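Novice: Take 113 as the starting number for the sequence shown in this note's numbering and just add one per residue.
I'd like to ask some things about the structure below.
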Amino acid sequence: MRIINSKFVISAARFNNLPKSTLSEIAFIGRSNVGKSSLINALLNRKNLAQISKNPGKTRAINLFKIEYINIKGKKDKLIFADLPGYGYAKVSNKMKLDWKQLVENYLQKREKLCGVVIIVDIRHSADEKDIQAVKWVSSFQKPFLLVATKSDKLGKSKINSQVNLLRQEFSLFGDEQIMGFSSKNLLGKEKILEWIERRI
């Protein structure tokens, strides 16, 4: 998969505001400030299409991006990336947390063209309860998922594999296809993530 163009489509705070689409979709979800926007931008060869903020919890809606790419057969094709609201940030009201949960739940349950979910965690930390619950939650909708451990450039090369293996055990994952390290700095893992996405769509 080779990305050739991408553009912002809509930011929807309600599920019913999302436009209907015939294109396959890949969703991205993770804790606030875990590097979700940086991952999306790196995959799309853009610097700021997905907005990066130092203020956790900025993504309060579902942001859709339309992607044009060259597929494995050398033909042009299109898909949608969906940037879902971050979870786990304490400095928001309980009502807002419930609203976000309902929005994402509706999306995971009702979005017909959703083909897979990329769940983002920080490779430097062990799995915590919120991340484990997020993986179980996404799994309950029977959607294929990939766990991406970001900020791999913060670790030495020898440490990356051992930390990925530790996370695999903590999240009870099976096989290499369910988890991989990634860095938006040196683009470690980028091509493998794009390969996973193309297989899903």
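All residues carry an ideal CB built from backbone N, CA and C; glycine is no exception.
Because the structure is a prediction, the values reported are computed rather than measured.
1) Ignoring anything shorter than 3 residues or poking outside the stretch 172–237, list the beta strand (DSSP E) runs there in chain order.
2) How many Å lie between SER136 and LEU226 at the Cα?
3) From what residue to what residue does the alpha helix (DSSP H) around LEU278 run?
4) With three or more beta-carbon pairs closer than 8 Å as the criterion, would you say the stretch 290–304 touches the stretch 249–263?
5) Taking only three categories from DSSP, how would you classify ASN311?
6) From which residue to which residue does the alpha helix (DSSP H) around ALA154 run?
7) Would LEU176 and PHE120 qualify as a contact pair, given that the criterion is a beta-carbon distance under 9 Å?
8) Helix, strand or coil, according to DSSP, for SER251 in the structure here?
9) Going by the beta-carbon positions, is the gap between ILE235 and ILE272 smaller than 9 Å?
Specialist: Inspection of the coordinates gives the following:
1) Complete beta strand (DSSP E) runs here, min 3: 174–182, 188–195, 226–234.
2) Taking the Cα positions, SER136 is about 6 Å away from LEU226.
3) LEU278: member of the alpha helix (DSSP H) spanning 269–282, first to last residue.
4) By the Cβ test, the stretch 290–304 is in contact with the stretch 249–263, since at least three Cβ pairs between them sit closer than 8 Å.
5) Before going further, note that residue 311 is Arg rather than Asn in the sequence given. Reduced to three states, the DSSP call for ARG311 is helix.
6) According to the DSSP assignment, ALA154 belongs to the alpha helix (DSSP H) that extends over 148–155.
7) Against a cut-off of 9 Å, the Cβ pair of PHE120 and LEU176 comes out as a contact.
8) In the structure shown, SER251 sits in a helix (DSSP, three-state: H, G or I).
9) Yes, they are a contact pair.
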